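S.K.: Protein chains in written order, with our numbering: chain P, 103 to 354; chain V, 45 to 388.
The C-beta atom is built at its ideal place from N, Cα and C for all residues, glycine as well.
Just so it is clear, the structure is predicted and the values come from calculations on it, not from any experiment.
To start, I am sharing the structure in question, which I have written as structure tokens.
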Ligand code: HEM
Ligand code: FES
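Next comes the structure, spelled out in structure tokens:
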């Protein structure tokens, strides 16, 4: 009755041969696991370079707009005179800012919030209680509301503006769909994004009559779609007016 | 219901096992996040953590599922089996971080309660390609939580071994759900051939291992023995039985019997360990006890009773030596009540 290399787990020492085998197996498993980790992480699809200034609250002054979605028109001094930027407004979490601008169209306000931006367009995540009305007299628009660019047939995807502009990465496709649905259902304006390589054209998505379509697009979020509608330029924003009933799935 | 379970204390081997396990996990996560931040500087920290913990748990689950059949094919690996539950609990912990972070990011701070949101945000349950894959991860996480919570031998003793074993077979259900969780989630969004390759190769590899181990097991089903005479069956020549403490497994009227030899004495016990049905015949006769190869439960060689304070016992079989051959009573002696008149 020798014990040869029989392993008994509650004895303090394993037989030498068993110990050696186990050491080799453990090292091999760890090496394979670490190589997998390196490969999987390096092989991730690229992320966009959107920015979320997490935890940085800044103060902005401008004019509140509610059409087509809550925005703050900010006049920015530049070398060629003043230019106007329209920042999308949303609240903390997965909530839109409709109630912040209700009945305040055209009023001057000071807003505390966090910047989120991706390419040419910017969004402010308004801090809790971060709206202070400076002047209740409505002012008129600083520039022509819209310049029509014509009708277009686009292939792209519906995303929520808050995540897409930088709060979450990745903010599109199947893995992000549930989140985007929650955001859009909560009043965050939907965007239609047309990606071509590393670039993306971003459209504010509204109904053909300019209404918000959040509830109507929930079923289409995060999927490749064909959308036909009218495109207009509004400040730095492209606005796509299209009827959700006409959205059709595109082959991915 | 017995409250007796074996509280195997901490020892050097357990510490080595857990050190290797924790080292592996820490290295995996550190490498995943550090290299991720280097190759993808625009990535957000949360998504690297979600992916690091999720993929780490999934990789470890493959190791856990491979150990069983691997040990059947290569008994030298048996030490891996001893503390496999530690791997299970570690894997669950990683999966929990992954699930909790995903819930936090994708399902909190909205209009819906996070659990409601998990099930009600993406509602395409009727469509495979659009299926809400996160619910599958949740389902698997619930199973893994249940298994981690009942992994202690305390539960094994209280739920009874067959129930416990059946419950822990649910790990295969969890694995299936997770394959779909990844296939209908990350694989639809990410183009990495390594991720899809891992899922496919992992599945094929596990299936092959289980199949081979199963075939080997069936192949081992013993040569048919002669019909019994006065209840006893001629099993093997005494000389053919190993004398170094190894055992021999025979199949008597449907029941597998573990046979050990010490000099000219032969002992026969039921082959199924009371702990988790480990094959006692592949264990060793050490001193007066047969020791199970899986987790080291011991049974006194003549009575089949575990040495005090333990209370498990297995049925034994009467043995007779006739003309240099080993004859064994086909009818087992019932397992004895431990330590109640257990004379040899
Ligand atoms: C409440 C439960 C769970 C939720 C809400 C959840 C959610 C998610 C989400 C949203 C993704 C996509 C992440 C991305 O690629 O951007 C994902 C991927 C993944 N999940 Fe889960 N999951 C859960 C449970 C689990 C469990 C229990 C495991 C494994 C043990 C797991 C393993 C994975 C793996 C391997 C991936 C693909 C790689 C990755 O992207 O991380 N998940 N999960
Ligand atoms: S099966 Fe666990 S010790 Fe026998």
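How about residue 201 of chain P: is its C-beta nearer than 9 Å to some C-beta of chain V?
M.R.: Judged by the 9 Å Cβ criterion, residue 201 of chain P is not in contact with chain V.
S.K.: Output yes if chain V places a C-beta closer than 9 Å to the C-beta of residue 209 of chain P; else output no.
M.R.: No Cβ of chain V is located within less than 9 Å of the beta carbon of residue 209 of chain P.
S.K.: My output table needs one value for residue 293 of chain P: the three-state DSSP class, helix, strand or coil.
M.R.: strand
S.K.: Cutting at 7 Å between CB atoms, please list the residues of its own chain near residue 387 of chain V, excluding the five before and the five after it.
M.R.: Any reading at residue 387 of chain V needs caution, since the residue's pLDDT is 41, under 50, leaving its predicted position unreliable; the model's value is listed next. The answer is none, since no qualifying residue turns up.
S.K.: Assuming residue 296 of chain V and residue 348 of chain V are in contact, meaning their beta carbons sit under 8 Å apart, how far apart are those beta carbons, in whole angstroms?
M.R.: That belief does not hold up - the Cβ atoms of residue 296 of chain V and residue 348 of chain V are roughly 15 Å apart, past 8 Å.
S.K.: Would you call the region 203 to 221 of chain P and the region 289 to 297 of chain P in contact, with 3 or more CB pairs under 8 Å?
M.R.: Contact fails: fewer than three Cβ-Cβ distances are below 8 Å.
S.K.: Just the C-alpha distance for residue 195 of chain V and residue 154 of chain V, rounded to the nearest angstrom, thanks.
M.R.: One C-alpha to the other measures close to 36 Å.
S.K.: Only counting the same chain, and skipping five residues up and downstream in sequence, which positions put a Cβ closer than 6 Å to that of residue 322 of chain P?
M.R.: 260 and 349
S.K.: Report the start-end ranges of each alpha helix (DSSP H) in the region 123 to 199 of chain V that is 4 residues or longer and not cut off at the edges.
M.R.: 123 to 126, 128 to 151, 158 to 164 and 177 to 193
S.K.: Quick check on residue 347 of chain P: buried or exposed, where buried means 16 or more other Cβ atoms within 10 Å of its Cβ?
M.R.: exposed
S.K.: Compute the Euclidean distance between the alpha carbons of residue 136 of chain P and residue 150 of chain P, then round it to the nearest angstrom.
M.R.: Straight-line Cα distance between these residues: approximately 26 Å.
S.K.: Who are the neighbours of residue 150 of chain V on chain P, taking C-beta pairs under 8 Å?
M.R.: Ordered by position in chain P, the residues that pass the 8 Å Cβ test against residue 150 of chain V are 278, 280, 281 and 284.
S.K.: So, does the CB of residue 177 of chain V fall closer than 9 Å to a CB anywhere in chain P?
M.R.: yes
S.K.: Just to confirm my understanding: we take residue 246 of chain V, look at its own chain, exclude 5 residues before and 5 after, and list those with CB closer than 7 Å. What are they?
M.R.: 106
S.K.: What are the residues that DSSP puts in a beta bridge with residue 198 of chain P?
M.R.: P:192
S.K.: Any beta carbon from chain P within less than 9 Å of residue 233 of chain V's own beta carbon?
M.R.: Yes, its Cβ sits closer than 9 Å to a Cβ of chain P.
S.K.: Specify the secondary structure class of residue 329 of chain V as computed by DSSP and reduced to three states.
M.R.: strand
S.K.: Exposed or buried, which one is residue 378 of chain V when buried takes at least 16 other CB atoms within 10 Å?
M.R.: Exposed.
S.K.: Count the other C-beta atoms from every protein chain shown that fall within 10 angstroms of the C-beta of residue 385 of chain V, then say buried if there are 16 or more, exposed otherwise.
M.R.: Annotation note: pLDDT 45 at residue 385 of chain V (below 50); position unreliable, no value reported.
S.K.: For the region 69 to 82 of chain V, enumerate the residues whose C-beta is nearer than 7 Å to any C-beta of chain P, in chain order.
M.R.: 71, 72, 75, 76, 79 and 80
S.K.: Do residue 225 of chain P and residue 190 of chain P have their C-beta atoms within less than 9 Å of each other?
M.R.: yes
S.K.: Assign residue 241 of chain P to buried or exposed, taking buried as 16 or more other Cβ atoms, counted over all protein chains shown, within 10 Å of its Cβ.
M.R.: exposed
S.K.: Whether or not the region 333 to 347 of chain P and the region 305 to 314 of chain P are in contact is what I'm after, with contact meaning three or more pairs of Cβ atoms, one per stretch, closer than 8 Å; do they touch?
M.R.: yes
S.K.: For residue 381 of chain V, which of V:179, V:373 and V:359 has the nearest alpha-carbon?
M.R.: V:359
S.K.: Go through its chain and collect everything with a Cβ distance to residue 219 of chain P's Cβ below 8 Å, but skip five positions before and after it.
M.R.: Same-chain partners within the cutoff: 152, 153, 225, 267 and 268.
S.K.: Could you tell me the alpha carbon to alpha carbon distance between residue 117 of chain V and residue 375 of chain V, rounded to whole angstroms?
M.R.: Each residue's alpha carbon lies about 31 Å from the other.
S.K.: By the 10 Å Cβ neighbour count, where 16 or more other Cβ atoms means buried, how is residue 104 of chain P classified, buried or exposed?
M.R.: For residue 104 of chain P, the pLDDT reaches just 42, beneath the cut-off of 50, and the residue's location in the model is therefore unreliable, although a value from the coordinates is still provided. Per the 10 Å Cβ criterion, exposed.
S.K.: Assuming residue 165 of chain V contacts residue 352 of chain P (C-beta within less than 8 Å), just tell me the rounded distance between them.
M.R.: Incorrect: roughly 22 Å between the Cβ atoms, too far for contact.
S.K.: Identify the contact partners of residue 320 of chain V in chain P, using a Cβ-Cβ distance below 7 Å as the criterion.
M.R.: Here the premise fails: no neighbours, minimum Cβ distance about 13 Å.
S.K.: Please check if any C-beta of chain P sits within less than 9 Å of the C-beta of residue 10 of chain V.
M.R.: Nothing in the structure corresponds to residue 10 of chain V, since chain V is present only between 45 and 388.
S.K.: At which residues does the beta strand (DSSP E) containing residue 280 of chain V begin and terminate?
M.R.: Segment 276 to 281, the beta strand (DSSP E) holding residue 280 of chain V.
S.K.: Quick one: what does DSSP say residue 69 of chain V is sitting in, helix, strand or coil?
M.R.: helix
S.K.: If contact means a Cβ-Cβ distance below 7 Å, which residues of the region 124 to 140 of chain P contact chain V?
M.R.: 124, 127, 128, 131, 132, 135, 136, 138, 139 and 140
S.K.: My output table needs one value for residue 108 of chain V: the three-state DSSP class, helix, strand or coil.
M.R.: Helix at residue 108 of chain V.
S.K.: Provide the residue(s) that pair with residue 304 of chain V in DSSP beta bridges, ordered along the chain.
M.R.: Residue 304 of chain V is bridged to V:291 and V:311.
S.K.: Please go through the same chain and pick out, in chain order, the residues whose beta-carbon is closer than 6 Å to the beta-carbon of residue 47 of chain V, but skip the five residues on each side of it.
M.R.: Because residue 47 of chain V sits at a pLDDT of 41, beneath the cut-off of 50, its placement in the model cannot be relied upon, and the following sentence gives the value as read from the coordinates. In its chain, beyond the 5 residues on either side, no residue has a beta carbon closer than 6 Å to the beta carbon of residue 47 of chain V.
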